[in-house]
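> If you scroll down you'll find the structure; I have some questions about it.
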Amino acid sequence: DQQVKQNSPSLSVQEGRISILNCDYTNSMFDYFLWYKKYPAEGPTFLISISSIKDKNEDGRFTVFLNKSAKHLSLHIVPSQPGDSAVYFCAASASGAGSYQLTFGKGTKLSVIP
Amino acid sequence: DAGVTQSPTHLIKTRGQQVTLRCSPKSGHDTVSWYQQALGQGPQFIFQYYEEEERQRGNFPDRFSGHQFPNYSSELNVNALLLGDSALYLCASSLPGQGYGYTFGSGTRLTVV
């Protein structure tokens, strides 16, 4: 039973346009959400996070939106750059329940076309 | 500043054998977690070590065990290897007492034949 789902295995976007990556979750105990970026032959790199008490968090070109009622979050990248091409993982934690583990989705491969 | 260091980077083992993977956390980090990433999947939590003890464990059999040393480095041991254990094993470290603000290593690619 997948508790974090990224339903789009891949996404192609033109350079300069907006990239929107989506993530759905089923566990109501999740209260902290993170996005990681992964290049081939490297470990995942933390990108941005959001607590369940917020609905938006921004960091430069990256913005994460959280819709708790829909159990949905999205990552917006504006403008997209070729260096953004990577696999993006959505992850969730139930920190309020004393859990330290991250539950990851399967990832979305983003290709930014110059 | 060295990040998370994992060794070896690749190894091949035969079914039924045992394997030990090693991890040195980022400087200043005292918590180490291990994740298994199978092909086409997201990382799956194996366990987390803090203060030399297993603090939390994911849904993995007892064949998977670990250890944390006084210098915060860690080992992951897998006994009686199965073909399905073939995966990328990721180590992640985090700040004192913080459970999930991870820095990941590049991983160890284990192939079981």
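Protein sequences appear in the order of chains A and B. At position 101 of the first sequence the residue is numbered 101 (our numbering), and the sequence of numbers has no breaks. At position 83 of the second sequence the residue is numbered 1083 (our numbering), and the sequence of numbers has no breaks. Ideal placement from N, C-alpha and C gives every residue a C-beta, glycine not left out. Please read these numbers as outputs of a predicted model, since none were measured by experiment.
Are the beta-carbon atoms belonging to L1011/B and L1088/B less than 8 angstroms from one another?
Sequence index remark: in the second sequence, residue 1011/B carries index 11 (1-based). Sequence index remark: in the second sequence, residue 1088/B carries index 88 (1-based). Result no, Cβ atoms of L1011/B and L1088/B do not sit closer than 8 angstroms.
> Does L110/A pass the burial test, meaning 16 or more other C-beta atoms within 10 Å, or should it be called exposed?
In the first sequence, counting from the first residue as 1, residue 110/A sits at position 110. Looking at its Cβ environment, which holds 16 or more other Cβ atoms inside 10 Å, L110/A is buried.
> Would you report the Cα separation of T108/A and D1030/B, rounded to the nearest angstrom?
Start at 1 with the first residue of the first sequence, and residue 108/A comes out as number 108. Start at 1 with the first residue of the second sequence, and residue 1030/B comes out as number 30. Roughly 31 angstroms between the two C-alpha positions.
> In or out: S10/A buried (at least 16 other Cβ within 10 Å) or exposed?
Taking the first residue of the first sequence as position 1, residue 10/A is located at position 10. Under this definition S10/A is an exposed residue.
> Q1036/B CB to nearest chain A CB: under 8 angstroms?
Against the second sequence, residue 1036/B aligns to sequence position 36. Output row for Q1036/B: interface = no.
> Per DSSP, G1066/B is paired with what?
Start at 1 with the first residue of the second sequence, and residue 1066/B comes out as number 66. Answer is L1076/B.
> Could you tell me which chain B residues have their CB closer than 8 angstroms to the CB of G96/A, listed as they occur along the chain?
Residue 96/A sits at position 96 when you count from the first residue of the first sequence. Neighbours of G96/A on chain B: none; closest Cβ ~12 angstroms, over 8 angstroms.
> What does L1090/B touch in chain A if you count any residue whose Cβ is under 7 angstroms from its own?
Residue numbering aside, residue 1090/B sits at position 90 when the second sequence is read from its first letter. The contacting residues are G43.
> Specify the secondary structure class of S8/A as computed by DSSP and reduced to three states.
Taking the first residue of the first sequence as 1, we reach residue 8/A at position 8. Correct three-state label for S8/A: coil.
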